[in-house]
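Each remark here refers to the structure printed beneath this line.
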Amino acid sequence: MSGQSFNAVNPYIPASTRLPEITVKVVILSILLAILMAGSNAYLVLKVGMSVSACIPAAVISMAVLKALGNSNILQNNIVQTAASAGEVIAAALAFTIPAMVMIGYWDSFPFPILMGLTAVGGLLGVFLSVPLRRAMIIESDLKFPEGVATAEVLKVGGESAAAKDILFSGIAAALIKFCQSGFQLLADSINIWGRVGNTVVGVTAGFSLALVGAGYIVGVEVAFATFFGAILAWFIGVPLFGVFYGLPIDADNAYAAAVEIWNSKIRIIGVGMMVFGGLWMIVELLKPLQRAIKASLEAVRKIKTEGKLNIIRTEFDIPITYVAFGAALLILPIYVIFNNIIESSGIPLSPSLIIFTGLFITIIAFVMGALGSAVSSYMCGILGTSSSPISGIILMGILIVSSCLLAFFSLQPNFWDDPNTMLSAAGITILLGALIGCTVGIAGDNLQDLKSGQLVGSTPWKQQVMLIVGVLVSAVVLAPIFQLLFEAYGFGDVLPREGMDPAQALSAPKAALMAAVSQAIFNQSMDWSMVLMGVGLGVVILFVDRQLKNKDSKWRLPVVAVAVGIYMPLDITVPLLVGGILSSVSRSALQKTHVSTAEKAATERCGLLFASGLIAGEALVGILLAIPFVAYQNTNIFKIVPAALANSTDVLGLIVFLGILYWFYNVSTKVKKTV
1 MSGQSFNAVN PYIPASTRLP EITVKVVILS ILLAILMAGS NAYLVLKVGM
51 SVSACIPAAV ISMAVLKALG NSNILQNNIV QTAASAGEVI AAALAFTIPA
101 MVMIGYWDSF PFPILMGLTA VGGLLGVFLS VPLRRAMIIE SDLKFPEGVA
151 TAEVLKVGGE SAAAKDILFS GIAAALIKFC QSGFQLLADS INIWGRVGNT
201 VVGVTAGFSL ALVGAGYIVG VEVAFATFFG AILAWFIGVP LFGVFYGLPI
251 DADNAYAAAV EIWNSKIRII GVGMMVFGGL WMIVELLKPL QRAIKASLEA
301 VRKIKTEGKL NIIRTEFDIP ITYVAFGAAL LILPIYVIFN NIIESSGIPL
351 SPSLIIFTGL FITIIAFVMG ALGSAVSSYM CGILGTSSSP ISGIILMGIL
401 IVSSCLLAFF SLQPNFWDDP NTMLSAAGIT ILLGALIGCT VGIAGDNLQD
451 LKSGQLVGST PWKQQVMLIV GVLVSAVVLA PIFQLLFEAY GFGDVLPREG
501 MDPAQALSAP KAALMAAVSQ AIFNQSMDWS MVLMGVGLGV VILFVDRQLK
551 NKDSKWRLPV VAVAVGIYMP LDITVPLLVG GILSSVSRSA LQKTHVSTAE
601 KAATERCGLL FASGLIAGEA LVGILLAIPF VAYQNTNIFK IVPAALANST
651 DVLGLIVFLG ILYWFYNVST KVKKTV
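Residues 1 to 676 (our numbering) make up the sequence shown, in order.
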């Protein structure tokens, strides 16, 4: 394989060692866990608008089950978590979009054939598009992929009893704290300090997510700061300025609610505009490494044909690029057929030739936006991890672009928009395309995260990619019934399927509500495009600054997409990420000042990495497990034990516990570990 390698590693299982990876028990367990992760994460995203990575929970469950069955190995466990994580990602992509179809009144239920088809082709496209990205972003990049690293450490610890305690203690602590936050609700998961100053609001929000602290520790302070810089622009500069010039929302109950409303309605759209520009620039920067990846794969295929042998080592063997290209090409027809049927059944007044043209246009857009979004999603997974990857932002970016194109195209026909049902149908088509794009970009980012863990433990890439396809197809079959079940049980937003239901129990589906609002605003021409253009302009400025930093060989960089994500994501996500990055820098600085051997420093640094991985694993496990009783009892307060009179004390308790964990983390990552 040619090309420069920045991220070469010595895998846990050497490339020369061959162990069984895909077996019958592995496939069966993968299918079952994909279904479990899909159902639990669908509820979680619909309830709070956030997903939890399934990689680590699936890895832990797999280790327990396969160990009980006997004759298992670390590569099989990695294969299982790879397939199972597809359920989580596909569920998140659909939860960000599909409820919008009932919110705008286009659907009153969730048709199985359409959802299954969209999910399958979108997920498969994500797998195919991400295959050449493995070399570009894992081999020829310094991206950290924190959840991939954490998953690999969890898998390694399964075979190293001596190292298990380093990850076990932090994992148990994070699990207990997460249960006290989301289950017992004894501890707040964030603290908000906002107040009115003159005609605007100022303040800060700090999240107490230990998983994000762990992710920040793994990626380092430089990467964490780039994201936090976007948060500074959004929350500490943007919100106060918009409050002054646009006024505060009249329906906001308090200063924090006003800040969130300004951010959600104005500043977040700026982040999407910057993400559009940053994504396009990223494609330009990825052209050379992608070209090398495709060239290397084609060279491998040529050698097989001419020499009858393959000189690529096992741990570098992807699905051949010819298979990838053929598979992607095969998806053109089903994507076209699905959307052609959707357009014909929508009642939009188009001639047969225009229906065909629109179907072809949407098919092309699906591939173009899929490729663009996959690059952005994979890059951000390399920085933040899958849980914090801005899939909804990329979907929103796609909806903005697609809606604008369709609006311009359909407007060429006189009196086309006179019928309100036409606007409704156009918005529905756009949302469904957003769902397909979401499945594509989500799976692409997840695949890169899984392949990073595979790189570290020594998995065979093509086998992981094949099993991810299995996970995608399983998710496509089960998620339509799951969404119908959740809709019948709770309702989505203010849409309840039958009379007599409690609106307070409805799943708010906040990201889907945003998609519904934006798509309708574009087609009724009430969209504020100035915010999008402002984001593009700000992206140009950030790119110029980043180029200057690069020319000066500065370790501090401001990647446009990372800054855009900081603008788009809530402040309670970016703050703990920065805290983890600062802790990593301070710990390593303190360790460098000690007079110990290189081996002892390396051992100490690994303890810090294991501790960070444990924080991610513990919180992720409880996040998934809590979703099960929440669904069963249709109530997220079933474990709540704090009386209303003591509700305000949870902020203080949450902060104290959070600071205590940080102090413990610092001690673990700086206490020198002696080596024999």
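Backbone N, C-alpha and C fix where the C-beta goes; we use that ideal spot for every residue, glycine too.
Express the C-alpha separation of residue j and residue i in angstroms, rounding to a whole number.
| i | j | result |
| --- | --- | --- |
| I616 | A513 | 29 Å |
| A252 | V260 | 9 Å |
| G445 | A120 | 16 Å |
| P497 | T315 | 50 Å |
| F357 | P420 | 23 Å |
| S172 | G614 | In the sequence as presented, Ser is not what sits at residue 172; that position holds Ile. Roughly 8 Å between the two C-alpha positions. |
| A84 | A564 | 30 Å |
| A162 | M63 | Residue placement at A162 is poorly supported in this model, since its pLDDT is 49, which falls under 50; the coordinates are not used for a value here. |
| I628 | E88 | 14 Å |
| F217 | L662 | What sits at residue 217 in the sequence shown is Tyr, not Phe. Between Y217 and L662, the C-alpha separation is close to 11 Å. |
| N524 | Y256 | 30 Å |
| I395 | V276 | 11 Å |
| A59 | N415 | 56 Å |
| V575 | G207 | 6 Å |
| L287 | S587 | 37 Å |
| A234 | A174 | 29 Å |
| P99 | Y246 | 31 Å |
| M37 | I61 | 11 Å |
| S16 | I313 | 8 Å |
| A476 | I319 | 22 Å |
| A150 | A215 | 9 Å |
| W462 | C381 | 20 Å |
| Y379 | L143 | 8 Å |
| R18 | Q465 | 18 Å |
| I20 | N73 | The sequence given here has Pro at residue 20, not Ile. P20 and N73: Cα-Cα distance of roughly 8 Å. |
| E619 | S346 | 43 Å |
| S459 | F483 | 34 Å |
| Q291 | I139 | 14 Å |
| F96 | V197 | 35 Å |
For the alpha helix (DSSP H) containing residue i, list its first residue and its last residue.
| i | result |
| --- | --- |
| R547 | W529 to N551 |
| V560 | V560 to Y568 |
| G660 | S649 to T670 |
| G702 | Outside the displayed range of the chain (1 to 676) lies residue 702, so it cannot be described from this structure. |
| W462 | P461 to A489 |
| Q520 | P510 to F523 |
| F184 | Neither: F184 is in no alpha helix (DSSP H) and is coded neither H nor E. |
| T227 | V221 to A231 |
| N340 | I332 to S346 |
| K67 | C55 to L69 |
| P99 | P99 to M103 |
| Y256 | A255 to I262 |
| M137 | M137 -> no alpha helix (DSSP H), and no H or E assigned at all. |
| I638 | Element bounds for I638: n/a, residue is neither H nor E. |
Compare the Cα-Cα distances from residue i to each of the options and report the closest residue.
| i | options | result |
| --- | --- | --- |
| N635 | L133, G491, W194 and V470 | G491 |
| A427 | G438, D418, L400 and I443 | L400 |
| I167 | L662, G608 and P99 | G608 |
| A371 | F658, A603, A224 and G126 | G126 |
| W107 | I342, S597, K555 and N648 | I342 |
| F339 | I365, F326 and G327 | I365 |
| A325 | Q548, E285, F367 and L653 | F367 |
| G195 | A188, V213, M137 and A258 | A258 |
| I104 | L424, V457, S526 and R606 | L424 |
| P113 | G198, L479, A95 and C55 | L479 |
| A92 | Q81, M116, A42 and L129 | A42 |
| M569 | V470, A188, T227 and P146 | T227 |
| L187 | S554, L330, P643 and T97 | P643 |
| S392 | N77, D418, A435 and P352 | A435 |
In terms of residue numbering, what span does the beta strand (DSSP E) encompassing residue i cover?
| i | result |
| --- | --- |
| S587 | Counting along the chain, S587 falls outside any beta strand (DSSP E), though it belongs to the alpha helix (DSSP H) covering L571 to Q592. |
| I191 | S190 to V197 |
| A206 | T200 to G207 |
Report, in whole angstroms, the separation of the C-beta atoms of residue i and residue j, which I expect to be a contact under 8 Å.
| i | j | result |
| --- | --- | --- |
| L133 | S411 | Their Cβ separation, rounded to whole angstroms, is 36 Å, which puts L133 and S411 out of contact at 8 Å. |
| D402 | L433 | The sequence given here has Val at residue 402, not Asp. V402 to L433, Cβ: 6 Å. Contact. |
| V201 | G230 | That pair is no contact at about 19 Å. |
| V561 | V376 | 6 Å |
| F611 | F658 | Rounded, the Cβ-Cβ distance is 15 Å, inconsistent with contact. |
| G537 | G278 | The pair is not a contact, with the Cβ atoms about 12 Å apart (cut-off 8 Å). |
| V272 | V532 | 7 Å |
| V457 | A86 | Not a contact, Cβ separation roughly 19 Å. |
Hey, which unbroken runs of the alpha helix (DSSP H) at 4 residues or more fall wholly within the segment 596-636?
598-633
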